[in-house]
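K.L.:
Before I ask anything, here is the structure I am working with.
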Amino acid sequence: MSDLPNNHSREETSSSNAVAPERHSLEGGNLQDLITDHLDIWTSAIKTKSASGRGSSKKLELVGIIKLRELILELAVRGKLVPQDPNDEPASELLKKVAAEKAKLVEVGKIKGAKSLLEINDGDVIYNPPKGWTWSRMGDLAQFQKGYAFKSKDYLESGLMITKIQNLTDNHLQNAAYISPDKALEFEQFLLSEGDIVMTTVGSWFSAPISAVGRSFLINSLFDNSLLNQNAVRIRPWDQINPMYLYTCVNSSLFKSYLVKEAQGTANQASITQISIKNFSICVPPKREQHRIVAKVDELMALCDQLEAQTEASIDAHQTLVEVLLATLTNVKDAIELNDNWQTISQHFDVLFTTQASIEQLKQTILQLAVMGKLVKQDPKDEPASKLLERIATEKQQLIKDGKIKKQKPLPPITDEEKPFDLPEGWGFERFGNLTSRLGSGSTPRGGQSAYVDKGVIFLRSQNVWNDGLKLDDTAYITDETNEKMYNTQVFPGDVLLNITGASLGRSTIFPEHLNIANVSQHVTIIRLIEQSMGLFVHLGILSPLVQRLVWGRQVGMAIEGLSKKVLELFEFPIPPLAEQHRIVAKVDELMTLCDSLKAHLNQAQTTQLHLTDAIVERAL
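What follows is the structure, encoded as structure tokens:
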């Protein structure tokens, strides 16, 4: 079998539409041109959330399309999305009608007179609006009503529904709460109507958008005539204000920036007051233009939906293609077929490995080929693995005889049914426990964290153990005296470390030469090989899909995953001749360097795409 081969300033323009626009609208009055002219940038500006796993688009953030949506809203509230019509009644007249409507309702006692809001000052005018637009406070554009803290003891299985933020977030009535319809008059002021805007007043900060403070929902027919629960405010625009336009304003980056300044709270929880929301400054367009803006926003958001769906479908299809093609390497029957399939893939590296997920899949395939004996050619002159395993068994017996390790119960031989695949000539499967002189987890020092000191012997925990090495930025230390008492959990250069509990289950590394000695916690297993020169191959074997499936498939525990010594020592591990192990490790290093190079180029390209997206957005504004 042959070796796998190497492969290495803001602008304001006018429009020529029939209705002569003001200078604030986009050139040509058509944002579709801005979208379609830069389609490749909007759809390829992607940020990776996770580089592990199957790599579906759910692990990717479509930053370009997110920024495009934000741009649409920003242009809408700045008066740059649609042309202005000089025949439209100016917003100043609209606001007079709103004030008159409000005064009339106060006069007849239907609403209470509200405190005057802050006057619009120069600091509120963050951009020059188009002709016919007028700045106003949000509190002057709508009626506000905070939700009510309904008592759970009053909840019924049916009746008058109480709308919670969770219902609005998921847009369904599952697990909804109800109260008696007889109380409708008592709680009439908290009723919701279709077209109302509901905004959360309490929630997390903006890094968790699902539960974030200041999140807005437009009430649809599903929640019409329901009651608003606590920690939210109902915003009901006056008749002269299009609810969808106001909804556009509170979803724009302008309002989100305002929230950052106005919200208060702790590190985990934030809140915003009703008066702060009312004092948000909004530039109001003429009523007819509000309707044109809303229609254009709907049209362009639908286009964004299409782009998003097409991009996600393309990402999924690409990843499926990569998986299918890489599977042709692990499923081959002979060296000729393997070489032919690799040549086919290597000729298309530039189109196949263009995402973090596809590069990660390539890495996993390399490791799988390594443990299957398909990565480098076999040399018939190599001493077979059977001879190596005989020496290991003999040395282990000698260590037991010398009292250096304890005698263990013999492990059962590996049956043909347990072997996951056929191995090349000269290879063999062996129980993992038969390869080691030390296989077991560390322990917690007496006194727990109180035993930690500022300097001393490194005490490694699972958060320090990563596949690409130890991360010591969050390191604990114990005294030399404590380390001596815990001599049985000391680790030395060449030991393989494996995380055996929690979310980091299966992470592994080799303890490096330069650290000399350390101690490990009970969440880390020490793997000390009898033949220490096998360490690098064993480590890459642990990282391979073969062993990772064993780790996750045979771990025990419900809430916290765990891998016991008894389970680990029974693993069926593929063993090549020692000389071939060294050739495999060298080839894996070479190919992983290629993968890292691909990833570096990808990161650079993604950064460039994000910068291009920002430049287009800045130019449009």
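All residue numbers for the sequence shown refer to my numbering, where the first residue is 1142 and numbers rise by one. The beta-carbon is built from N, C-alpha and C at its ideal position, and this holds for glycine as well.
#1: On the three-state DSSP scale, how would you describe Y1628?
#2: Taking the alpha-carbon of D1636 as reference, which of G1643, G1647, L1732, I1651 has the nearest alpha-carbon?
#3: Spatial neighbours of I1533 within its chain, please: C-beta separation below 6 Å, excluding the five flanking residues on both sides.
#4: Just to confirm, are F1600 and Y1618 a CB contact at a threshold of 8 Å?
#5: Quick check on T1748: does DSSP put it in helix, strand or coil?
#6: Starting from P1384, follow the alpha helix (DSSP H) in both directions and report where the run begins and ends.
#7: If you compare alpha carbons, which of L1216, I1303, S1345, P1717 is closest to N1269?
#8: Any idea if N1228 is buried or exposed, counting beta-carbon neighbours within 10 angstroms, 16 or more meaning buried?
#9: Where does N1657 land, buried or exposed, given buried means 16+ other C-beta within 10 angstroms?
#10: Return the CA-CA distance between K1272 and L1236, expressed in angstroms with no decimal places.
#11: Can you tell which of I1477, Y1319, K1292 has its C-alpha closest to the C-alpha of E1298?
#12: Can you name, in chain order, every residue of its own chain whose Cβ lies under 7 Å from the Cβ of G1336, other than the five neighbours on each side?
#13: Give me the Cα-Cα distance between I1423 and S1233, rounded to the nearest whole angstrom.
#14: In its own chain, which residues sit with a C-beta less than 8 Å from the C-beta of F1714, not counting the 5 before and 5 after it?
#15: Suppose only complete runs of 3+ residues qualify. What are the beta strand (DSSP E) ranges in the segment 1645 to 1708, listed by chain order?
#16: Comparing the CB of A1373 with every heavy atom of the ligand MN, is any distance shorter than 7 Å?
#17: Classify L1246 as helix, strand or coil using the three-state DSSP reduction.
#18: Determine the direct distance from the alpha carbon of L1462 to that of L1691, and round the result to whole angstroms.
#19: Can you list, in chain order, the residues of its chain with a C-beta nearer than 7 Å to that of F1396? Leave out the 5 residues immediately preceding and following it.
#20: At the level of alpha carbons, what is the spacing between D1543 and I1716?
#21: Do N1629 and H1664 have their C-beta atoms within less than 8 Å of each other?
#22: Are the C-beta of K1528 and some C-beta of chain C separated by less than 8 Å?
#23: Inspect the beta-carbon positions of S1578 and I1546 and report whether they are closer than 8 Å.
#24: Taking only the alpha-carbon atoms, compute the straight-line gap between S1091 and N1316 and give it to the nearest angstrom.
#25: Helix, strand or coil for H1742? Go by DSSP, reduced to three states.
#26: Would K1305 be called buried (16 or more neighbouring beta carbons within 10 Å of its own) or exposed?
#27: Pairing CB atoms from the segment 1284 to 1300 with CB atoms from the segment 1367 to 1374, are three or more of them under 8 Å?
#28: Going by the DSSP bridge assignment, what does R1572 pair with across the sheet?
#29: What does DSSP give as the partner residues of Q1405 in its beta bridges?
#30: Measure the beta-carbon distance from K1419 to R1278 and round it to whole angstroms, keeping in mind my assumption that it falls under 8 Å.
#31: In this structure, how does DSSP classify G1344 when only helix, strand and coil are distinguished?
#32: Return the chain-ordered ranges of every alpha helix (DSSP H) run that is complete within the segment 1305 to 1335 and spans a minimum of 4 residues.
#33: With a threshold of 16 other CB atoms inside 10 Å of the CB of D1481, please say whether the residue is buried or exposed.
#34: Is the beta carbon of E1721 sitting closer than 8 Å to the one on D1475?
#35: Near G1610, what residues of its chain come up, given a Cβ to Cβ distance below 7 Å and the 5 sequence neighbours on each side ignored?
#36: Which two residues bound the contiguous beta strand (DSSP E) that contains K1208?
P.N.:
The answer reads as follows:
#1: helix
#2: I1651
#3: I1671, E1672
#4: yes
#5: Three-state DSSP puts T1748 in a helix.
#6: 1384 to 1391
#7: L1216
#8: With fewer than 16 other beta carbons inside 10 angstroms of its own, N1228 counts as exposed.
#9: Exposed: under 16 other Cβ atoms inside 10 Å.
#10: 15 Å
#11: Y1319
#12: I1360, P1384
#13: 13 Å
#14: F1570, E1571, R1572, F1573, L1576, V1679, G1682, V1688
#15: For the segment 1645 to 1708, whole beta strand (DSSP E) runs of length 3 or above, ordered along the chain, are 1649 to 1651, 1659 to 1661, 1665 to 1670.
#16: No copy of the ligand MN occurs in the structure displayed, which carries no ligand at all.
#17: Of the three classes helix, strand and coil, the one that applies to L1246 here is helix, per DSSP.
#18: So the two alpha carbons sit approximately 26 Å from each other.
#19: C1390, F1421
#20: 27 Å
#21: Cβ atoms of N1629 and H1664: not closer than 8 Å.
#22: The displayed structure is made up of one protein chain only, and chain C is not part of it.
#23: yes
#24: Beyond the ends of the chain as shown, which are 1142 and 1762, falls residue 1091; an answer cannot be given.
#25: helix
#26: Answer is buried; the Cβ neighbour count reaches 16.
#27: yes
#28: E1713
#29: S1412
#30: 6 Å
#31: strand
#32: 1306 to 1311
#33: exposed
#34: no
#35: Only T1650 meet the Cβ criterion.
#36: Counting along the chain, K1208 falls outside any beta strand (DSSP E), though it belongs to the alpha helix (DSSP H) covering 1204 to 1219.
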